[in-house]
Amino acid sequence: MRELSVEKRFSDIDHNIEIIREKIYKAASSAGRKAEEVTLMAVTKTVDPIFINRAIENGITLIGENKVQEFMSKKPFLKLENCEAHLIGHLQTNKVKQIVSEVSMIQSLDSLKLAKEISKRSLEKGIVTPCLIEVNIGEEESKTGLGLSSLEELLAEVAQLEGVSVRGLMTIPPICDDEKELDKYFSKMHKIFVDIKSEKLDNIDMSILSMGMSADYEAAVRNGSTLVRVGSSIFGERIY
Ligand SMILES: *Cc1c(COP(=O)(O)O)cnc(C)c1O
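Read in order, the letters of the sequence shown correspond to residues 1 to 240 in our numbering.
This is the structure we're talking about:
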């Protein structure tokens, strides 16, 4: 019985990835973009390594984990030879030491304090950690991420840190019932991304715009996302 259900989940994962790739292709085409401009990240929180490895065998080259402990306990079982891992969840400064050098990017950089700690721990290990600045585009009180008014200032400060290299921006928009409202947040985010890119700030590389999850990745792709983070649409609903 158990074997059967694993097989069923494998085939669901295969099928889901195929459908999502098609939808990304269509959304990109409809916006005059190339699907190759968009990286599909598989978000693997709560997912067992056996299923993560299936997605990797199926061509997934990037996974995202939310929690340092969870990632570190799964990592020995993951086939990461041809797949990178990013941290996408909120990161506390006291966990930085453990995660630096274990993931190839931290997408949830949202304060100078955190940036300084990432830089310090990276330099101790003789590396530079690529990061995305997480922007709270809806300015929601309940959310992590940096408010828009602080973005330029943080960029200027992080540019001075030798152990951190900014590669772009990440966001989670507010939950919207209305497609138009969602487009508004994504296009606003894209505009900020393009504006900063055009400023050509020293030591700031704006090449990645990480936005779009299971419910909204097509809208994100139409609005210029270069990296979509998809969990439940690949692996099924999460069981906590
Ligand atoms: C969980 C999570 C996702 C994926 O969410 P789904 O709705 O399952 O696709 C993407 N980004 C972040 C930051 C997450 O925590």
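Where is the CB? At the ideal position from N, CA and C, for every residue including glycine.
Query                                                                                                                                                     : Result
Whose CA, out of Ser207, Ser30 and Phe71, lies closest to the CA of Met170?                                                                               : Ser207
Hey, would you say Lys97 sits closer than 7 Å to Arg121, going by beta carbons?                                                                           : yes
So the candidates are Ile127, Ile133 and Ser101; which of them puts its Cα closest to the Cα of Lys112?                                                   : Residue 112 is actually Leu in this sequence, not Lys. When each option's Cα is compared against that of Leu112, the closest is Ile133.
Identify the residues that DSSP records as bridge partners of Arg229: which are they?                                                                     : Met41
Going along the chain, which residues of its own chain have a beta-carbon closer than 7 Å to the beta-carbon of Ala55, five neighbours each way excluded? : Ile13, Ile17, Ala42 and Ile234
On the three-state DSSP scale, how would you describe His86?                                                                                              : strand
So who's on the other strand from Gly168, going by DSSP bridges?                                                                                          : Leu132 and Ile208
Under 7 Å Cβ to Cβ from Thr46, same chain only, skipping five residues before and after it: list those, please.                                           : Arg238, Ile239 and Tyr240
Reducing DSSP to helix, strand and coil, say where Met1 ends up.                                                                                          : Low local confidence applies: a pLDDT of 49 at Met1 is under 50, so the model's placement there is unreliable, with the coordinate-based value given in what follows. In this structure, Met1 counts as coil in the three-state DSSP scheme.
Comparing the CB of Val230 with every heavy atom of ligand 3, is any distance shorter than 6 Å?                                                           : Of the ligands this structure carries, namely ligand 1, none is ligand 3.
Should Asp177 go down as buried or exposed, given a rule of 16 or more other Cβ atoms within 10 Å for buried?                                             : exposed
Apply the 10 Å Cβ neighbour rule to His190 and answer buried if 16 or more other Cβ atoms are within range, or exposed otherwise.                         : buried
Considering Gln98, what are the terminal residues of the alpha helix (DSSP H) in which it resides?                                                        : Val96 to Ile99
Look up Glu199 in the DSSP assignment and say whether it is helix, strand or coil.                                                                        : helix
Judging by CA-CA distance, which residue of Pro49, Thr39 and Lys8 is the nearest neighbour of Glu22?                                                      : Thr39
On the DSSP letters alone, give me the boundaries of the alpha helix (DSSP H) that Glu65 sits inside.                                                     : Where Glu65 is concerned, there is no enclosing alpha helix (DSSP H), although the beta strand (DSSP E) it sits in stretches over Leu62 to Glu65.
Helix, strand or coil, according to DSSP, for Met105 in the structure here?                                                                               : strand
So is the beta-carbon of Ser149 under 6 Å away from any non-hydrogen atom of ligand 1?                                                                    : no
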